Each structure stands twice: as C-alpha cells, then as structure tokens.
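Right, one structure below, let's go through it.
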Amino acid sequence: MNLKRWIALGAAVFLLIASIAINTLMSFLKSDFLSGFETLTDVELAETVLEPGSFNERIALLSIDGVIQDVGSSSPWVPLEYDHQMFLASLDQILEDDTIQGVVLSVNSPGGGVIESAEIHERLLKIKEKGIPIYVSMGSMAASGGYYISAPADKIFAHRETITGSIGVIMQSYNYAELAKKLGVEFETIKSGPHKDMFGGTRPTTEEEKAMIQEMINESYEVFVDIVEQGRGMTEAEVKKVADGRILGGSQALRAGLVDELGSLEDAIQSLREDYGLEDAELFEYESNLGSFASLFTMKLGTLFGPSPEERMLMKLMNSYDAPRLMYLYGQY
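Heads up, the sequence shown is in the UniProt record's numbering, so the first residue is 1 and it goes up one at a time.
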C-alpha cells in the first residue's frame, strides 16, 4: 500500500479505538453514577443557545421537519428527518423547566399519523395550561397534521407561499390483485373472519368494508374539526367551510381565520418577545445526544465502515411496516 492508504488506515484504527474507549467510559459513568436519577429519559437532550440572554427567562425553539411518524429514533447510521420520540422528550422537558417562558414552534410538514399528531397536541395543551405561550411559524408546508399541531398556538405566522389547510383524514392502500393475476401470483389466505384481510391489497374492498372504514375516518375528521374550533376560536360551520381537504396558501388561510399573520420565523420570535416582555430572554433549541463527541467518532466510523447509502435505504425499507393507517396527511405516503 502507498503512504496515503497507510495514513487512512491508521486514522481509521485511531478513530475505532477512541470511539470504543469513549463509549465505554460513557457507559460506565451512566451505569455507576447516573443510575439513581429517575428523571433521566431514554432520549438525551442537549441545548444550543441561538440568541444569548437571561437564563431565568428563556424561549425554546422547536422544529418539526418532515412527516410526523414514529419510525424509531435517529442513530449515527440512519439519521431521521423527524424523530418523534426526541420531539416528545423536548416537550416533556419544557414542562419540567421553569425557566422557559415561551415556545416558538417551526412547522414544515405535510402532516402524518393520527396518533403521533394527537400526542404532540396533548403535550402542547399541557404547556399552555402551565401559562407558557406558544407561537407557530409555518414554513413551506404545514398541512393536515402539520396544521393539527399548530391549531392550539396563541399566534400562527405563515408565509404568503405556505401550503396549509388540508384539514381531514385519509387512509390509502394499494390493490395489486389484478397485477398479481397477470403475473400468475395467487394469494392463499386463511382467515378467522370475512373482513380479516380487508384493505390488504390482495383483493378489492367490498362496499360494506368501505362503509366501515368511512365511519372510522368520519370520527377522526370530527376530532380534527373540534381541535381547530377550540384552538382558533371558530365555529364548526366556519371550520367546515375550509375543512374539506383543500389546501390553502398563506393569504387564503389568513382570510379564513386559520392563521393570524403573514411573516417569517424571525417575525414570530420577535412578536413573542414583544407581546410577553421577553426582549432579553435567551433563545435556545434542543438537540439529541447524536451531537456528542463520542457520536461524532461513531459517525466518522460509519462513513468509513458503515453501510452504503443503498444498503441504508434497503435496511429502512425492510424495517418499515406499511399497513394502512389513519393519517392526517397531505399527499401520498
């Protein structure tokens, strides 16, 4: 091997040894010195100060980017666009931290799961009950579940170009029975009841089954409408004028009463400061322990020895479960 290859190999060995040593040390410290602290959670959070200020009066900036689904936690090998457990841990931390006097939620999402959206909504209500104001800044998209979680906010900002609305519920599946027939594939199904394989993609859905699913969707839809009514102080009739699944631009949403002002994230932060006398408050955001020193070594090792992008994609697909589910989501999934 030439000199460059020897240097690269030596660097890789050094990173490997350093990573093992640091992770071993951290595991030792956690097990021996931190085992008695019941407040520790599975998701470790660090804080990054974005704008220095008073530590006794702080504003937490939270961000939701991507589809709101609980698909596990980020790792050095497979970082997630949206980490649901980390986000819930951030909300729980806000509830326990008396120095936090305001929350700005940046939303850039087409929505996601009904359950996940409800979990976020429930915690946001608890934060408001504690007397902490919540301002929302919508990015390029805050639709369906993205709007569901925004509805409780004290003030919602959107860009003129923001896509929002899409208030409603959807459940989708593929019916590939005809394709399978053309390919000579036969499905052998043994089931305990006539509807056990409903909406499974191997046969057409009957009218009776469509009615069952529609009833489920209608119930979730009414919950969504109620959430908007309560969050925005609107009547049911006012909400249902635009709650037919349509999307709206920022200006349309403003006229419909779904948002309060047109503006940027900076406008939302500044408005919260001025409205609640938090001009001197520190602004910070949470990050997971993936930003730690040890994880940095692990990520470097992942680049050298970890799976390729194609292998990571295959692992992600193999670990996904695509059964039909109720979604507050705009677009395909």
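Glycine included, C-beta positions come from ideal geometry on N, C-alpha and C. This one's a predicted model, so the numbers in the text were calculated from it and none came from an experiment.
Coarse secondary structure for residue i, derived from DSSP in three states
{"i": "Gly331", "result": "coil"}
{"i": "Arg255", "result": "helix"}
{"i": "Asp65", "result": "strand"}
{"i": "Phe224", "result": "helix"}
{"i": "Ala237", "result": "helix"}
{"i": "Phe87", "result": "helix"}
{"i": "Lys210", "result": "helix"}
{"i": "Asn175", "result": "coil"}
{"i": "Glu51", "result": "strand"}
Spatial neighbours of residue i in its chain, beta-carbon cut-off 8 Å, leaving aside the 5 residues before and after
{"i": "Phe157", "result": "Tyr135, Val136, Ser137, Met138, Val259, Asp260, Glu261, Leu262, Gly263, Ser264, Leu265, Asp267, Ala268 and Ser271"}
{"i": "Pro204", "result": "Asn175 and Ala177"}
{"i": "Ile227", "result": "His121, Tyr148, Ala151 and Pro152"}
{"i": "Phe187", "result": "Ala177, Ala180, Thr202 and Arg203"}
{"i": "Gly257", "result": "Arg232, Met234 and Glu238"}
Same chain only: Cβ atoms within 6 Å of residue i, ignoring 5 sequence neighbours per side
{"i": "Thr189", "result": "Asp197"}
{"i": "Leu179", "result": "none"}
{"i": "Gly193", "result": "none"}
{"i": "Lys191", "result": "Asp197"}
Residue burial classification, residue i (beta-carbon count within 10 angstroms, cutoff 16)
{"i": "Tyr328", "result": "buried"}
{"i": "Leu254", "result": "buried"}
{"i": "Ser90", "result": "buried"}
{"i": "Ile17", "result": "exposed"}
{"i": "Tyr176", "result": "exposed"}
{"i": "Glu282", "result": "buried"}
{"i": "Met216", "result": "exposed"}
{"i": "Ser106", "result": "buried"}
{"i": "Ser117", "result": "buried"}
{"i": "Gly66", "result": "exposed"}
{"i": "Arg58", "result": "buried"}
{"i": "His159", "result": "buried"}
{"i": "Val239", "result": "buried"}
{"i": "Thr164", "result": "buried"}
Contact set for residue i: own chain, Cβ-Cβ below 7 Å, skip 5 residues either direction
{"i": "Lys130", "result": "Leu95"}
{"i": "Phe55", "result": "Thr99 and Glu282"}
{"i": "Glu81", "result": "Asp65 and Gly66"}
{"i": "Pro52", "result": "Glu282"}
Nearest-angstrom Cβ-Cβ length linking residue i and residue j, presumed shorter than 8 Å
{"i": "Ser166", "j": "Ile247", "result": "5 Å"}
{"i": "Ile100", "j": "Ala143", "result": "With a Cβ gap of about 28 Å, Ile100 and Ala143 do not count as contacting."}
{"i": "Pro324", "j": "Phe199", "result": "5 Å"}
{"i": "residue 334", "j": "Pro152", "result": "Residue 334 is absent from the structure shown; the chain starts at 1 and stops at 333."}
{"i": "Met212", "j": "Leu326", "result": "About 13 Å; that fails the 8 Å criterion."}
{"i": "Gly168", "j": "Phe224", "result": "7 Å"}
{"i": "Tyr276", "j": "Gln93", "result": "So it is not a contact: roughly 20 Å between Cβ atoms."}
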